[in-house]
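A.B. asks: Sending over a structure as structure tokens; questions will come in a sec.
Residue numbers (this note's numbering), protein chains in the order written: chain A, 422 to 599; chain B, -3 to 512.
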């Protein structure tokens, strides 16, 4: 193999592939929505609903189905806060950081949650894979602030004590499963 | 004995404080006592601090009990609440409650009253009258009604709805679209959510009327992904409307067509900006478009598009049903009709208050809201979401109308009012405004994309460099204000500058080393 061939090999990227068990859900999402106008967001939602995130390997088949470039699809996935490119923890805690919740102590609630979960100010995932903490900007529950979503369930008028109880219930659930 | 109807809100706010648990406890307790209860998951009446607010349909009308937790249920049955029995939680007729009595509900007339997804219940409470009248009118005449009502866009920009519709009506195209902006991302606002959960058919009817008016046969509701309850309510309501013949290729036997579907956003605040929303609906990144061309000429998929907010569309059925004059008679100056205001944040009685334009912040904050939740003095309120100005107590008597608010450097926006007590640090709030803009900027224009990040840094330097930063911050705000492509970068300076103007003491960090 000559020098030039080695050079080409070094710049040829590997297109990420899906895990075997991810193929069917992604194909199903594409098949269900590809005919709709503006199909990309519905497809990405269906993929994330099925897998908990949008794996990098999903980008190529979606791009092929919609006659788009992989760069375009990647650009959309990474633009929207809702789409995750990595699997979340077993429990997802989304704390509202917007103004109405701030006025009722959301900043304090977030630092309390971070202390309880052992997360630094910028970390999102606990080391044991049990919790993911994400910021959200307004859950539309601004009269009953502060608010959070725990595994998709909305809770209002949150206090550090009630958050502790919710997290403890999650941990019990984890122990039962173990 | 026939079943007694019990209303337990399925509204997300009520659910967030235990409405689901209360509902199952009620059904469990009724079964255990051999009593027949018909459960209706209605919308919220808007007295959100009292949620879960449960109503029992007695022979003397609806009797409210609130707040009802699952622990209260056995005691309520003991008190004979199915016959309106007395109990410490009994509030009686909620429409006579001081919070509710003087409201003028147009968009929210049915919210909390009816079963949200029941097309017949909707009809029994005045629904479909607007659409039926619209079916009998020439399209131009429908547009004229909306113009005469002087309805202005309730999303925030307050653009006259009739002019927008007229433009789309006058444009010849093989396909036109109706798009509802339900990307209610402003903190402190939840009226779109409450309407979509409590009376989704009102939005369906308003959009169908818009379709008839401008000659559009396809509608999309762009809903933010943070609203799963509204997603379910809208999809059920739309399916029921199709089944009953109010949507589809033959609306109410007229031979006219209107199709409607809900599309989910994906957590991008910028998609509340109408052109970014259209990009997102087309399956792209939510990047703001240059205007012109206006969406009314080249909108969704390049076709003429009416794009309005949820509350704008929800005012339309009443305008068609009762005539433009009845709507126009409400309000003040150039702000006609009613506005659903939302009391949020640090407020004792948070909730939704629909009033004609012209009341004051003071009335809302103290008469309705009952002051702060913490019991401390109210120091600042932010009206109109994260791009709205922070107003001090001295401006609480400003009348709530678009022009009066613009005069004091504020904006009503979507009608959200977020209350802060005297523990608020206004420098932190100004910093947050810049931080939020940095997180949510689409990145297309430089003042917004880079200015917001520099804004955070400049504000952080108040602690070390003191008030000398003020010149720099004002200069930066000036650039963002005049150089940004859309309202995100262009209005982020409003909360920042208003904090600086009205609360300068919070920015004087050098002289108060303890605060830094």
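From the three backbone atoms N, C-alpha and C, an ideal C-beta is built for every residue, glycine too.
Note that the structure is a prediction, hence the values are computed from the model and not measured.
Is residue 161 of chain B close to chain A? Criterion is C-beta to C-beta, closer than 8 Å.
C.D. replies: Chain A contact via Cβ: absent.
A.B. asks: What residues in the stretch 238 to 268 of chain B have a beta carbon less than 8 Å from any beta carbon of chain A?
C.D. replies: So the list reads 259, 260, 261, 262, 263, 264, 265, given in the order they occur along the chain.
A.B. asks: Which one of B/90, B/399, B/417 has the shortest CA to CA distance from residue 344 of chain B?
C.D. replies: The option with the nearest alpha carbon to residue 344 of chain B is B/417.
A.B. asks: By the three-class DSSP mapping on this structure, what secondary structure does residue 342 of chain B have?
C.D. replies: In this structure, residue 342 of chain B counts as coil in the three-state DSSP scheme.
A.B. asks: Quick one: residues in its chain with C-beta nearer than 7 Å to the C-beta of residue 533 of chain A, no 5 flanking neighbours on either side, listed in chain order?
C.D. replies: Counting only Cβ-Cβ distances below 7 Å, and skipping sequence neighbours, we find 581, 584.
A.B. asks: Work out the CA separation of residue 69 of chain B and residue 22 of chain B for me, nearest whole Å.
C.D. replies: So the two alpha carbons sit approximately 6 Å from each other.
A.B. asks: Ignoring anything shorter than 3 residues, give me the beta strand (DSSP E) runs that lie fully in the stretch 209 to 244 of chain B, in order along the chain.
C.D. replies: The stretch 209 to 244 of chain B contains these whole beta strand (DSSP E) runs: 214 to 219.
A.B. asks: Do residue 193 of chain B and residue 7 of chain B have their CB atoms nearer than 8 Å?
C.D. replies: Taking 8 Å as the Cβ cut-off, residue 193 of chain B and residue 7 of chain B qualify as a contacting pair.
A.B. asks: If you count every other CB in all the chains shown that lies within 10 Å of the CB of residue 511 of chain B, and 16 or more means buried, which is it?
C.D. replies: In this prediction, residue 511 of chain B has a pLDDT of 46, which is less than 50 and means its spatial position is unreliable; what the coordinates show is noted afterwards. Exposed: under 16 other Cβ atoms inside 10 Å.
A.B. asks: Would you identify the three-state DSSP class for residue 3 of chain B, choosing helix, strand or coil?
C.D. replies: Three-state result, residue 3 of chain B: strand.
A.B. asks: Could you tell me the alpha carbon to alpha carbon distance between residue 499 of chain B and residue 404 of chain B, rounded to whole angstroms?
C.D. replies: Distance between the alpha carbons of residue 499 of chain B and residue 404 of chain B: 15 Å.
A.B. asks: Going by CA-CA distance only, name the one from B/208, B/143, B/188, B/242 that's closest to residue 561 of chain A.
C.D. replies: Measuring from the Cα of residue 561 of chain A, the nearest candidate turns out to be B/188.
A.B. asks: Using Cβ-Cβ distances below 8 Å, what residues of the stretch 494 to 516 of chain A are close to chain B?
C.D. replies: Cβ contacts with chain B come from 496, 497, 500, 501, 502, 503, 504.
A.B. asks: Taking a cut of 8 Å between CB atoms, which residues from the stretch 454 to 477 of chain B lie near chain A?
C.D. replies: So the list is empty, because no residue satisfies the distance condition.
A.B. asks: CB-CB under 8 Å to residue 387 of chain B, same chain, minus the five flanking residues each way: which ones, in chain order?
C.D. replies: Around residue 387 of chain B: 357, 376, 377, 378, 379, 394, 404, 406, 494, 498.
A.B. asks: What is the C-beta distance between residue 575 of chain A and residue 568 of chain A, in whole angstroms, given that I count them as a contact (C-beta under 8 Å)?
C.D. replies: That pair is a contact at about 7 Å.
A.B. asks: Between residue 163 of chain B and residue 293 of chain B, what straight-line distance do the alpha-carbon atoms span, to the nearest angstrom?
C.D. replies: Cα-Cα distance, rounded: 7 Å.
A.B. asks: Measuring only the C-alpha atoms, how far is residue 423 of chain A from residue 456 of chain B?
C.D. replies: Only weak support exists for where residue 423 of chain A lies, its pLDDT of 49 falling under 50; the coordinates are left without a value.
A.B. asks: For a cutoff of 8 Å on Cβ pairs, would you count residue 473 of chain A as touching chain B?
C.D. replies: For residue 473 of chain A, the answer is no, since every Cβ of chain B falls outside 8 Å of its Cβ.
A.B. asks: When the cut-off is 8 Å and only beta carbons count, does residue 182 of chain B lie next to chain A?
C.D. replies: It does; some Cβ of chain A falls within 8 Å.
A.B. asks: Between residue 184 of chain B and residue 521 of chain A, is the Cβ-Cβ spacing less than 8 Å?
C.D. replies: A contact, by the Cβ cut-off of 8 Å.
A.B. asks: Determine the direct distance from the alpha carbon of residue 463 of chain A to that of residue 211 of chain B, and round the result to whole angstroms.
C.D. replies: Their backbone Cα atoms lie some 27 Å apart in a straight line.
A.B. asks: State yes or no: is the C-beta of residue 438 of chain B within less than 8 Å of the C-beta of residue 237 of chain B?
C.D. replies: Going by C-beta atoms, residue 438 of chain B is not nearer than 8 Å to residue 237 of chain B.
A.B. asks: In chain order, what residues of the same chain have a beta carbon less than 8 Å from the beta carbon of residue 165 of chain B, not counting five sequence neighbours either side?
C.D. replies: The residues are 135, 136, 139, 209, 210, 211.
A.B. asks: So that I know if they touch, is there some Cβ in chain A lying closer than 8 Å to that of residue 385 of chain B?
C.D. replies: Taking Cβ atoms only, chain A never reaches closer than 8 Å to residue 385 of chain B, which makes this a no.
A.B. asks: Measuring only between beta-carbons, confirm whether residue 511 of chain B sits less than 8 Å from chain A.
C.D. replies: Note on residue 511 of chain B: pLDDT 46, under 50, position unreliable in the model; the coordinate value appears next. No, its Cβ sits nowhere closer than 8 Å to a Cβ of chain A.
A.B. asks: According to the Cβ coordinates, are residue 312 of chain B and residue 205 of chain B closer than 8 Å?
C.D. replies: Cβ atoms of residue 312 of chain B and residue 205 of chain B: closer than 8 Å.
A.B. asks: Listed from N- to C-terminal order along the chain, which residues in the stretch 400 to 414 of chain B have their beta-carbon within a distance smaller than 9 Å of any beta-carbon of chain A?
C.D. replies: Answer in chain order: 412, 414.
A.B. asks: Would you mind reading off the limits of the alpha helix (DSSP H) that contains residue 270 of chain B?
C.D. replies: Note, residue 270 of chain B: alpha helix (DSSP H), 270 to 277.
A.B. asks: So with CB distances below 7 Å, who are the chain A contacts of residue 280 of chain B?
C.D. replies: Those are 497, listed as they occur along chain A.
A.B. asks: Determine the chain A residues that contact residue 189 of chain B at a beta-carbon separation under 7 Å, and present them in chain order.
C.D. replies: Per Cβ cutoff of 7 Å: 561.
A.B. asks: Going straight from the alpha carbon of residue 488 of chain B to that of residue 445 of chain B, what length do you get?
C.D. replies: Roughly 12 Å separates the two Cα atoms.
A.B. asks: Just how far apart, CA to CA, sit residue 503 of chain A and residue 555 of chain A?
C.D. replies: About 10 Å.
A.B. asks: Straight-line CA distance for residue 439 of chain A to residue 201 of chain B?
C.D. replies: Distance between the alpha carbons of residue 439 of chain A and residue 201 of chain B: 44 Å.
A.B. asks: For chain B, check one thing: does any of its Cβ atoms lie closer than 8 Å to the Cβ of residue 435 of chain A?
C.D. replies: Output row for residue 435 of chain A: interface = no.
A.B. asks: Hey, how far is the Cα of residue 25 of chain B from the Cα of residue 80 of chain B?
C.D. replies: Roughly 17 Å between the two C-alpha positions.
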